[in-house]
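Mapping the sequence shown onto this note's numbering, position 129 (from 1) lands on 129, and the numbers just tick up by one.
Built from N, CA and C at the ideal position, the CB exists for glycine as well.
Below is one structure; the comments refer to it alone.
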Amino acid sequence: MKILIKGLLICVSLALLAASGTYLYFLVILPPDLPIAELKLDRTPERVARGEYLATAVFGCVYCHSERDWELFGGPIKPGGLGKGGERFDESVGFPGLIVSTNITPYHLGDWSDGELYRAIVSGLHKDGYAFFPVMPFDVYLYLETEDVYSIMAYLRTLEPIAADHPPRQLSNFMQAIGNSRVKPAEPWVVDQDDPVARGEYLSIIAGCRFCHTPADERRQGIPEMRFGGGLGFPWQDKTVYSANISADPDTGIGNWTVEDFIARFKAYENQRIPVSEVGYNTQMAWTEYAQLTESDLAAIYAYIMSQPAVRNEVTLVR
Ligand code: HEC
Ligand code: HEC
1 MKILIKGLLI
11 CVSLALLAAS
21 GTYLYFLVIL
31 PPDLPIAELK
41 LDRTPERVAR
51 GEYLATAVFG
61 CVYCHSERDW
71 ELFGGPIKPG
81 GLGKGGERFD
91 ESVGFPGLIV
101 STNITPYHLG
111 DWSDGELYRA
121 IVSGLHKDGY
131 AFFPVMPFDV
141 YLYLETEDVY
151 SIMAYLRTLE
161 PIAADHPPRQ
171 LSNFMQAIGN
181 SRVKPAEPWV
191 VDQDDPVARG
201 EYLSIIAGCR
211 FCHTPADERR
221 QGIPEMRFGG
231 GLGFPWQDKT
241 VYSANISADP
251 DTGIGNWTVE
261 DFIARFKAYE
271 NQRIPVSEVG
281 YNTQMAWTEY
291 AQLTESDLAA
301 IYAYIMSQPA
311 VRNEVTLVR
């Protein structure tokens with residue numbers, strides 16, 4: 001008995017030591033001081049058009065950096081506020097602290113150089129040098145193809161300037177250190193556009209499909225063997241809404257959907273504004289924005305998901 005207790009005490013003190021060690025380690029992490037590139041982008045019509053598609057339909061920059069109407073299914077953007085920021089991430093969505101998505105119209109970004117803006121998007125550093133919290137998904141944007149970032153930047157510069165200011169971020173040192181620890185130089189992919197599986201992999205990682213549709217471990221990291229298996233929870237009122245299993249499993253996932261079914265599921269939300277009361281719950285998935293994905297990009301995402309291992313995981317969407 002004595003030995004057992006002693007063993008237990010040692011375990012507990014080791015655990016405490018490890019925990020405080022991790023804590024100290026996090027406190028001293030500073031973000032790397034990444035250089036700001038000398039950039040002067042041409043705002044060509046092709047870039048602006050491609051950037052608009054990427055920022056609104058595919059990568060969610062605009063829906064996250066606008067106010068969303070949570071009375072409607074999927075929380076579409078409130079009209080008239082494109083890019084003005086103002087979505088709050090706080091305790092009500094399970095976030096310990098407060099971050100408000102920033103204004104990305106020229107009202108706020110007008111005095112950021114192209115180099116500063118590029119570094120902010122792909123590496124998560126503010127022009128003043130501090131790291132963002134990865135609610136801003138810079139930890140996947142580091143893989144963005146360089147031309148895609150340039151297109152998004154060209155488009156952001158054309159947004160209507162909207163005078164909207166937001167409360168400053170409130171993060172504990174620990175949360176700030178998490179952001180600091182994720183800052184990395186860009187590692188842009190070069191994607192073979194003619195290979196649907198490769199394009200689908202790129203799109204589904206950067207558009208957040210894989211993040212949201214993969215359950216996380218206690219460190220909030222996606223579990224690789226459960227990719228696309230669904231079950232990541234999002235607080236909604238006094239319940240939780242779980243992401244669906246979109247893996248190739250025919251019983252619990254979407255393995256028996258054809259590519260046409262998959263495309264139709266998205267297109268059904270095109271220009272739709274569906275009151276939450278008609279559905280009975282709301283979802284973090286921005287269906288109205290994703291409905292604007294081209295059929296070719298949706299088919300590529302489908303092809304990639306189907307090329308991945310099927311994950312058997314029964315998900316109850318709302319509980
Ligand atoms: C899921 C929500 C989300 C998505 C998607 C998102 N952002 Fe952000 N972004 C944020 C939040 C929140 C911040 C503030 C982070 C902080 O202060 O820690 C931010 C910060 C920024 C900033 C810095 C502005 C400033 O003044 O600090 C820029 C620029 C930016 N985002 C651009 C983009 C672009 C471009 C995309 C798409 C490629 C994008 N964001 C996608 C949530 C998002
Ligand atoms: C912010 C989190 C989030 C992101 C990003 C996201 N989803 Fe979802 N998705 C959900 C949740 C939650 C549900 C379940 C509730 C709902 O929307 O019906 C869902 C449902 C689905 C469904 C319906 C499955 C069924 O059985 O009816 C499909 C298909 C889907 N998502 C595919 C995708 C794809 C493809 C992407 C990327 C382009 C994506 N999702 C991005 C959270 C997300």
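Name the residue from the options whose alpha carbon lies nearest to the alpha carbon of residue i.
i, options, result
"E187", "F174, Y202, D194", "Y202"
"S204", "L298, L109, T252, F89", "L298"
"T283", "P250, D42, R319, A264", "R319"
"L34", "Y118, F89, D90", "Y118"
"S66", "N103, S277, Q193", "N103"
"D261", "E295, V197, I274, L171", "E295"
"H166", "V259, I301, R88", "R88"
"Y302", "Q272, N256, I274, A37", "N256"
"D194", "A300, S92, S151", "A300"
"L39", "P32, P137, G115, R312", "G115"
"F133", "W70, P31, Q237", "P31"
"N313", "D238, G222, T214", "T214"
"T105", "E160, D192, L171", "E160"
"G129", "R50, V241, I36, P224", "I36"
"Y141", "G60, V100, F266, K127", "G60"
"W287", "I305, R265, S277", "R265"
"L50", "H108, S151, K78, E270", "The identity of residue 50 in the sequence shown is Arg, whereas the question assumes Leu. The shortest Cα separation from R50 among H108, S151, K78, E270 belongs to S151."
"T252", "V315, C209, R273, V241", "V315"
"A216", "M136, Y242, A198, D90", "Y242"
"I29", "C209, A131, D192, R68", "A131"
"L156", "R68, E52, E91", "E52"
"V259", "V191, G200, E91, P45", "G200"
"P235", "L54, L41, E91", "E91"
"C209", "P137, D238, W112", "P137"
"K239", "M285, Y281, L54", "Y281"
"L171", "A198, V191, V135, D192", "V135"
Is it true that the CB of residue j sits closer than 8 Å to the CB of residue i?
i, j, result
"R43", "A154", "yes"
"L98", "R169", "yes"
"Q308", "T56", "no"
"G83", "V62", "yes"
"A244", "L317", "yes"
"V48", "T158", "yes"
"Y143", "W189", "yes"
"F211", "G222", "yes"
"Y86", "A164", "The sequence as given places Gly at residue 86; Tyr does not occur at that position. Cβ atoms of G86 and A164: closer than 8 Å."
"C64", "S123", "no"
"I254", "I246", "yes"
"G233", "I162", "no"
Quick check on residue i: buried or exposed, where buried means 16 or more other Cβ atoms within 10 Å of its Cβ?
i, result
"F174", "exposed"
"D249", "buried"
"R219", "exposed"
"L8", "Note on L8: pLDDT 45, under 50, position unreliable in the model; no value is reported."
"V279", "exposed"
"N180", "buried"
"V12", "Reliability fails at V12, whose pLDDT of 44 lies under 50, so the model's placement of it is uncertain and the value that follows must be treated cautiously. Exposed, since its Cβ has fewer than 16 Cβ neighbours within 10 Å."
"A177", "buried"
"A310", "buried"
"P347", "Residue numbering for the chain in the displayed model covers 1 to 319; residue 347 lies beyond these limits and cannot be assessed."
"P196", "buried"
"A120", "buried"
"Y304", "buried"
"I185", "Correcting the residue identity first, residue 185 is Pro in this sequence and not Ile. Exposed: under 16 other Cβ atoms inside 10 Å."
"E270", "exposed"
"Y290", "buried"
"I5", "For I5, the predicted structure reports a pLDDT of 47, less than 50, and the residue's modelled location is therefore unreliable. A value from the coordinates is still provided. I5 comes out exposed."
"R68", "buried"
"R273", "exposed"
"A15", "Note that A15 scores a pLDDT of 49, beneath 50, so its modelled location is shaky; the value from the coordinates is reported in the next line. Exposed, because fewer than 16 other Cβ atoms sit within 10 Å of the Cβ of A15."
* **Contact the segment 135–149 vs the segment 71–79: 3+ CB pairs below 8 Å** => no
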